[in-house]
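Taken in order, these protein sequences are the chains called P and W.
Counting in our numbering, the first sequence runs without a single skipped number right up to 339 at its last residue.
Counting in our numbering, the second sequence runs without a single skipped number right up to 339 at its last residue.
Glycine included, C-beta positions come from ideal geometry on N, C-alpha and C.
Take a look at the structure below.
Protein chains: 2
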Amino acid sequence: MNIYDISKKTGVSIATVSRVINGSANVSEKTRSKVLAAIDELGYTPNVFARGLGLNTMKTIGIMCADSSDPYLARAVYHIEQDLRKNNYDSLLSCTGYDHDVKEKCMTMLLSKRVDAVVLVGSNYIEKDEQQNNYIKNAADTVPVMIVNGVLNTPNVYCTVCDDRAAIYEVTENFIRSGRRDLLYIYNSHSYSGTKKLDGFRAAAKDAGIALPEERMHFINSHNVTVQSAKQAVAEIAEKGIKFDGVITSDDIIAVGVLKYARDAGITVPDELFVAGYNNFDISECCEPELTSVDNKLETLCRHCVSTLMDILSDDGSLPKKTVFSAEIIERSTTKFTK
Amino acid sequence: MNIYDISKKTGVSIATVSRVINGSANVSEKTRSKVLAAIDELGYTPNVFARGLGLNTMKTIGIMCADSSDPYLARAVYHIEQDLRKNNYDSLLSCTGYDHDVKEKCMTMLLSKRVDAVVLVGSNYIEKDEQQNNYIKNAADTVPVMIVNGVLNTPNVYCTVCDDRAAIYEVTENFIRSGRRDLLYIYNSHSYSGTKKLDGFRAAAKDAGIALPEERMHFINSHNVTVQSAKQAVAEIAEKGIKFDGVITSDDIIAVGVLKYARDAGITVPDELFVAGYNNFDISECCEPELTSVDNKLETLCRHCVSTLMDILSDDGSLPKKTVFSAEIIERSTTKFTK
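If you want it as structure tokens, here you go:
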């Protein structure tokens with residue numbers, strides 16, 4: 001809804017609507033009443049007034065992330081905000097949680113604050129049920145929408161992702177080449193990126209001719225996995241009598257839980273058990289042995305996202321709708337890969 | 001600046017100023033011009049128009065934190081947003097960095113988005129130079145300002161803090177009672193809370209009659225200490241020939257760096273060396289041995305901050321300007337305290 005809608009609704013010219021909004025005296029009382037009634041009826045928000053007032057940009061970008069206490073998301077937000085600031089844009093962050101209705105509400109709220117664009121951080125925003133993504137498509141009618149590590153193919157939406165599938169495929173390949181065949185994959189997200197990682201694990205095992213019963217892919221149903229809950233999960237798998245000599249995980253914290261389990265169970269890492277994390281964050285260097293992990297090039301993703309956005313906002317020609325960066329395996333002491 | 005300033009400046013009644021802002025016709029052209037000129041001159045922002053329009057609340061709270069990738073700050077923001085959402089308030093987060101001018105700019109930006117209050121998270125907002133805090137005092141003229149883990153004594157500012165001084169005092173006391181006398185304190189912040197912690201260390205040593213040359217209090221000049229940089233710092237202290245059997249730190253990550261140093265140097269923890277962290281975050285359970293740390297009751301602080309704010313916004317009588325919660329020492333395997 002904007003000044004044009006008011007004009008259309010009332011049959012009053014845009015210039016006159018603008019004069020009413022500006023409180024100018026050069027408007028008849030009858031016209032003024034009509035415009036104010038339309039404003040009331042259409043549920044005008046103050047930001048639209050401001051747009052009407054000619055303040056077309058506040059140089060502010062809205063950022064949405066599910067959970068600021070998730071280290072991956074928090075770091076991404078940090079990089080994006082730093083880069084936006086370098087480009088003289090302010091950021092407004094809304095932490096939406098994982099509930100669809102709240103996400104939608106937060107989007108509406110950010111748009112009402114007259115942001116110039118919205119950046120969605122993390123793959124939790126893209127739902128398999130296409131209907132659930134409509135609020136993103138609608139937002140893209142108004143402002144450019146950037147997605148970091150998620151893909152939605154729709155006009156005015158720009159996606160920057162890491163090739164998580166290829167990364168987990170490569171980790172798994174390394175495990176297998178090094179003689180590990182009793183593999184486990186432990187993960188805690190069905191998001192876009194979570195699905196890609198699982199695909200990579202399955203594909204690598206399949207391509208190597210390794211059977212993979214479902215029980216070897218264990219889902220921890222929590223967005224906030226702790227070392228303790230991950231340790232518990234792997235202990236329960238072992239109790240079921242499932243043997244494993246390699247554990248690949250979707251997140252460093254899960255891998256640290258596996259290391260804690262191994263230590264208690266007297267299992268030597270990496271000799272008896274290979275363990276790999278994902279994200280390559282601080283904790284991969286905090287644990288003992290230090291963790292082999294995947295650097296998903298988060299900073300590169302965020303940089304690219306912001307620079308693309310800056311190009312969009314300055315109308316710099318046609319830009320790629322999707323960019324994919326490859327990840328890098330950082331081998332530390334929880335694996336001993338055969339080269 | 002608000003409607004009262006316009007009234008004062010022009011000598012026009014508040015009701016009339018409001019009528020001008022509302023675009024009402026019942027105002028003489030002369031008065032309207034005078035008010036509009038004052039609005040222009042005082043640099044009125046659209047939010048004030050919106051307030052004038054009677055849209056007094058958007059149920060949105062502005063949050064400022066220095067760095068969303070700092071786990072302490074990220075977790076605090078998370079708790080505050082969750083609690084605000086439960087109270088049907090949206091949050092707008094601005095990550096300001098540590099530069100004073102940017103902090104001030106972010107405050108202005110949040111106020112221009114018509115937030116109902118501002119929450120400052122972390123003690124980095126309170127400067128020793130009182131002048132630097134003026135922008136907070138000015139903001140408090142417009143909306144309530146809540147500070148989590150920082151103190152500023154000024155009207156309409158409400159502070160919730162953890163007694164970090166007492167916590168470090170108690171940790172140090174425990175080290176000394178357990179026979180450790182060659183103590184080091186390693187820290188990386190001169191913020192309000194950073195200063196309190198250092199005070200606690202000094203006081204406990206002094207009260208126990210332990211001499212404390214300056215070299216035993218080591219400052220790491222970085223907001224983003226890593227395990228590696230902390231390890232490096234403690235290695236350099238050791239190279240200078242400074243002996244130590246107990247290291248107390250202002251942050252878990254520094255303590256993990258000390259553990260890594262000890263492991264490389266063949267020093268047994270806790271037998272030859274006690275180590276204590278602060279914050280009691282994930283990484284205190286990731287490292288080996290698991291880290292004795294201080295639970296600073298962050299969730300309690302944040303809960304209290306939001307509930308106080310809700311009381312303020314519903315005009316619920318007179319509220320305490322400052323609330324102090326005590327911390328709790330969580331002993332794990334890097335110390336063996338004599339009870």
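Taking the Cα positions, W/P320 is about 32 Å away from W/K8. Under the Cβ distance rule, W/C286 counts among the residues neighbouring chain P, one pair being separated by less than 7 Å. Secondary structure at P/L111: helix, using DSSP grouped into helix, strand and coil. Ranking W/E170, W/G246, W/Y278, W/C287 by CA distance to the CA of P/Q228 puts W/C287 first.
Excluding residues up to 5 positions away in sequence, H79 lie with their Cβ nearer than 6 Å to the Cβ of P/E299 in the same chain.
A direct Cα-Cα distance of roughly 23 Å separates P/C302 from P/Y135.
Remark: C-beta atoms of W/F337 and W/N174 approach each other more closely than 7 Å. By the Cβ neighbour-count rule, W/E285 is buried, with 16 or more other Cβ atoms within 10 Å of its own.
Neighbours of P/I253 across chain W, judged by C-beta separation under 9 Å: D282, C286.
The residue from W/Y158, W/E236, W/I186, W/T335 with its alpha-carbon nearest to that of W/T323 is W/Y158. Of W/E127, W/D83, W/S326, the smallest CA-CA separation from W/T160 is found for W/S326. CA-CA distance, P/D199 to P/R165, rounds to 6 Å. Taking one beta carbon from each stretch, the stretch 86–98 of chain W and the stretch 136–152 of chain W have fewer than 3 pairs nearer than 8 Å; the two do not touch. Counting C-beta pairs closer than 8 Å gives three or more between the stretch 186–196 of chain P and the stretch 238–252 of chain P, which meets the contact rule. The Cβ of W/A66 sits no closer than 7 Å to any Cβ of chain P. What W/P270 touches in chain P, judged by beta-carbon distance under 8 Å, is nothing: the nearest beta carbon there is about 16 Å away. Pairing W/V17 with W/T31 gives a Cβ-Cβ distance that is not under 7 Å. Interface criterion met: the Cβ of P/D90 is under 7 Å from a Cβ in chain W.
Each residue's CA atom was taken as its position, placing W/S318 and W/E104 some 28 Å apart.
Spanning the alpha carbons of P/I168 and W/R114 requires a straight line of approximately 45 Å.
For W/T154, the CB contacts under 7 Å within the same chain, skipping 5 residues up- and downstream, are K137, A140 in chain order. Among the residues facing chain W, P/R202 is not included, as its CB has no counterpart in that chain under 7 Å away.
Listed along chain P, the residues sitting closer than 7 Å to W/S69 by beta-carbon distance are A74, R75, Y78.
Taking 7 Å as the CB threshold, W/E81 lines the interface with chain P.
For P/C305, there is no enclosing beta strand (DSSP E); the residue is found in the alpha helix (DSSP H) stretching over 298–313.
The Cβ of P/V258 sits no closer than 7 Å to any Cβ of chain W.
W/S284: not part of any beta strand (DSSP E); member of the alpha helix (DSSP H) spanning 283–286, first to last residue.
A direct Cα-Cα distance of roughly 21 Å separates P/T172 from P/K260. A straight line joining the alpha-carbon of P/T10 with that of P/N26 spans about 17 Å.
For W/I186, the uninterrupted beta strand (DSSP E) segment begins and ends at 183–187. Taking the C-beta atoms as reference points, P/G266 is found no nearer than 7 Å to P/K231.
Annotation: P/L273 has no Cβ neighbours in chain W at a cutoff of 9 Å; minimum Cβ distance is about 16 Å. Judged by DSSP secondary structure, P/G62 falls within the beta strand (DSSP E) whose first and last residues are 60–65.
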